[in-house]
Structure formats: structure tokens, C-alpha cells
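Encoded as C-alpha cells, the structure appears first; notes follow it.
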Amino acid sequence: MGQFIQRGRVLSFWREIVRTLNKIPPSSTRNELRSYARQEFERHREVTDSQHIRYLLSTGKTEFQTMSRYINEQVVG
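The sequence shown maps to residues 2 to 78 in my numbering.
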């Protein structure tokens with residue numbers, strides 16, 4: 002049951018990243034950021050320890066928030 006919930010959280014996080022990146026006009030920057038995010042998800046695909054997954058989500062969200070602020074500044078400003 003716990004893995005099912007965590008999987009949902011990971012997928013939700015991935016969708017949030019994609020939605021945010023889609024705010025950027027098509028460019029090499031957008032492609033590079035999406036590629037980087039995908040590589041990070043793929044790199045940790047085989048992790049099954051729930052504590053490690055929580056850690057990865059936490060650090061990923063922190064990194065994503067920093068990136069999001071930058072993206073929003075670029076899109077709005």
C-alpha cells in the first residue's frame with residue numbers, strides 16, 4: 002500500500018515538473034531542463050526503499066522550487 006501511494010506522489014511530482022517546464026517557450030533551455038529532470042528520475046528508478054524515496058522527493062522538490070522561481074522570473078519578466 003505504501004509503495005502505491007509513493008508512486009502516486011512521484012508521478013504527481015513529475016507532472017508538476019512537466020507543467021512548469023511547458024511554461025517556457027520552446028527552446029534548448031526547456032529541452033535541457035526536461036532532459037535533466039528525466040535523467041534524474043530514470044537514475045533513481047530502481048530505488049524501492051520508502052525512506053530513500055521520501056528523501057529523493059524532498060531534495061527534488063527543493064531543487065525544483067529553486068528552478069521554478071527562476072522559470073517564473075523568466076516567463077513573467
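Don't be surprised by glycine CBs; every beta carbon is placed ideally from N, CA and C.
C-alpha gap between residue i and residue j, whole angstroms
{"i": "residue 46", "j": "residue 63", "result": "19 Å"}
{"i": "residue 8", "j": "residue 14", "result": "10 Å"}
{"i": "residue 40", "j": "residue 24", "result": "20 Å"}
{"i": "residue 43", "j": "residue 37", "result": "10 Å"}
{"i": "residue 48", "j": "residue 56", "result": "11 Å"}
{"i": "residue 102", "j": "residue 61", "result": "Nothing about residue 102 can be read from this structure; the chain reaches only from 2 to 78."}
{"i": "residue 26", "j": "residue 32", "result": "10 Å"}
When the options are compared against residue i, the one with the closest alpha-carbon
{"i": "residue 68", "options": "12, 10, 4 and 19", "result": "19"}
{"i": "residue 72", "options": "30, 48 and 11", "result": "30"}
{"i": "residue 10", "options": "34, 66 and 59", "result": "59"}
Proximal residues to residue i (C-beta, below 8 Å), its chain only, five neighbours per side dropped
{"i": "residue 51", "result": "3, 4 and 7"}
{"i": "residue 75", "result": "25"}
For residue i, three-class secondary structure by DSSP
{"i": "residue 32", "result": "helix"}
{"i": "residue 47", "result": "coil"}
{"i": "residue 23", "result": "coil"}
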